[in-house]
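To start, the structure itself, in structure tokens.
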Amino acid sequence: MTDQDRDGTYGTEKQPARSRRRFPGISSRAYEHPADRSALVALRKLSGFDTVFKALSGLLPERSLRLLFLSDSVRVSDAQFPHLHTMLLDACYILDLEKVPPMYVTQNPVPNAMCVGLDEPIIVVTTGLVELLDEEEMRAVVGHEVGHALSGHSVYRTVLLFLTSLAVKVAWIPLGNVAIMAIVTALREWFRKSELSADRAGLLVGQDLSASMRGLMKMAGGNHLHEMNTDAFLAQAEEYEAGGDLRDSVLKILNVLPRTHPFTTVRAAELKRWSESRDHQRLMDGHYPRRDEDKDTKVGESFRQSASGYAEEVRTSKDPLMKLVTDLADGAGDLGGRLRDRFTGTARPNGNPGAGTEDPSDGGGRS
170 MTDQDRDGTY GTEKQPARSR RRFPGISSRA YEHPADRSAL VALRKLSGFD
220 TVFKALSGLL PERSLRLLFL SDSVRVSDAQ FPHLHTMLLD ACYILDLEKV
270 PPMYVTQNPV PNAMCVGLDE PIIVVTTGLV ELLDEEEMRA VVGHEVGHAL
320 SGHSVYRTVL LFLTSLAVKV AWIPLGNVAI MAIVTALREW FRKSELSADR
370 AGLLVGQDLS ASMRGLMKMA GGNHLHEMNT DAFLAQAEEY EAGGDLRDSV
420 LKILNVLPRT HPFTTVRAAE LKRWSESRDH QRLMDGHYPR RDEDKDTKVG
470 ESFRQSASGY AEEVRTSKDP LMKLVTDLAD GAGDLGGRLR DRFTGTARPN
520 GNPGAGTEDP SDGGGRS
């Protein structure tokens, strides 16, 4: 990309007048959510995954996939959807991704975007998404998908799409579907966590938190921003995370299991928290891991960081189930009473969960 290009003088889109930081040589480790890495480690340890993955790598019709988009979608270039082409080049420049992945617009009224491919990533966005988002919101989405490409997510995402389809076809085979669904479930868990990582990459590219928030709000409520409020939207995430009792915690798990993406309010809250974190500030100040250091990164170190991230997530979570886990880890007594209280949502006279007289040995009735 030339200096003239960086000033936004080509294509039909103008780059923002505000200055944005570039991240030369940035490693995907800089923005990856700890749960993304730990879920991937757990996935790779799943019995049978390596065998299935190696087999599928040679069977997946990647050439067919590329030909399908080439023949039945619009390839983004300086001649077609030039404003998206400019965004793509800009996102790759910001994240220092040398090889620009091909990008296609496909006719589909459902707002969506994806990054797929085994040998090389392909970015696909739907017409529904292009029509829904404004320029800065779309910039965050393009950065999101480029983040997937930089992290190497497209390989596992492609496998998940294939296995999901395969699971339907072999549902009649005894035990066959059980084995596949175990891998699909693990892949979906990683897939959801990888979305949190890519949201962060989108923020690094757009460097406009309000645009990222607006895009997520539109994904949830459509093109009615005049009827929505960012603070109220984030309050929904707070209510979702903290509200209810253990029954609601179980329902949350059941609701999210079949999904490939986290719930939109949760994504918004996660991204806002990260934008206010010291890690994000250090990254914006130019202190981040480089790609040329990746080869020296030990698997054990990544796993420890992931485990630490999960532990912090459990410790700070307001979800009733996570709070119970924290209590048990801290050695809180009265397990039966606490399980009963969490499921029933009852409160003790002093405002803490649990009915009846507070037990002095119960750590002050901490919930």
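Following my numbering, the numbering of the sequence shown begins with 170 at its first residue and continues without gaps. The C-beta atom is built at its ideal place from N, Cα and C for all residues, glycine as well. Bear in mind the structure is a predicted one, so any value in this text is a computation, not a measurement.
Which of helix, strand or coil DSSP assigns to residue 327: helix
In whole angstroms, what is the alpha-carbon distance linking residue 386 and residue 278? 17 Å
Rounded distance between the beta-carbons of residue 246 and residue 459, thought under 8 Å: No, residue 459 and residue 246 are not in contact; Cβ-Cβ is about 31 Å, not under 8 Å.
Buried or exposed, going by whether 16 or more other CB atoms sit within 10 Å of the CB of residue 203? buried
Please classify residue 283: does DSSP put it in a helix, a strand, or coil? In this structure, residue 283 counts as strand in the three-state DSSP scheme.
CB residue 445 to CB residue 365, shorter than 7 Å? no
Count the other CB atoms within 10 Å of the CB of residue 291; is the residue buried (16 or more) or exposed (fewer)? buried
Thinking C-alpha only, which one of 399, 432, 391 and 238 is nearest residue 163? Summary: the structure shown does not reach residue 163, with the chain confined to residues 170 through 536, and so no result is reported for it.
So residue 242 and residue 273 are in contact, right, with Cβ under 8 Å, and what is the actual spacing, rounded? 4 Å
Kindly indicate which three-state DSSP category residue 397 falls into: helix, strand or coil? coil
Three-way DSSP call (helix, strand, coil) for residue 187 in this model: coil
Chain D within 7 Å of residue 401, Cβ atoms only: Absent from the structure: chain D. Only one protein chain is present.
Closest to residue 401 by CA distance: which of 437, 419, 353 and 351 is it? 437
Reduced DSSP category for residue 243 - H, G, I as helix; E, B as strand; rest coil: Looking at residue 243 - three-state DSSP - the assignment turns out to be strand.
So, under 8 Å CB-CB, residue 372 and residue 309 are touching, yes? Tell me the CB distance rounded to an integer number of Å. 7 Å
Could you check what DSSP says for residue 497 in three-state terms: helix, strand or coil? Note that residue 497 scores a pLDDT of 48, beneath 50, so its modelled location is shaky; the value from the coordinates is reported in the next line. Per DSSP, reduced to three states, the secondary structure at residue 497 is helical.
Could you give the first and the last residue of the continuous alpha helix (DSSP H) run that contains residue 262? 251-263
From this set, 255, 327 and 281, which residue's C-alpha is nearest residue 289's C-alpha? 327
Pair within 7 Å by beta-carbon distance, residue 264 and residue 315: Yes. Within cutoff.
Within the same chain, show all residues whose beta-carbon is closer than 6 Å to that of residue 461, passing over the 5 residues directly before and after it, in chain order. Counting only residues of its own chain and dropping the five nearest sequence neighbours on each side, residue 461 has no CB closer than 6 Å to any other CB.
Three-state class that DSSP yields for residue 409 in the structure shown: Here residue 409 sits in helix by DSSP.
Just confirm the distance between the C-beta atoms of residue 390 and residue 397, as a whole number of angstroms; I'd bet it's less than 8 Å. Separation of the CB atoms of residue 390 and residue 397 is rounded to 6 Å, and the pair is thereby assigned contact status at 8 Å.
Through-space distance from residue 253 to residue 297, alpha-carbon basis: 14 Å
Which residue comes first and which comes last in the alpha helix (DSSP H) that contains residue 433? 433-444
Residue 458 beta carbon near the ligand GDP (any heavy atom closer than 6 Å): Looking for the ligand GDP in the displayed structure turns up nothing, as the structure carries no ligands at all.
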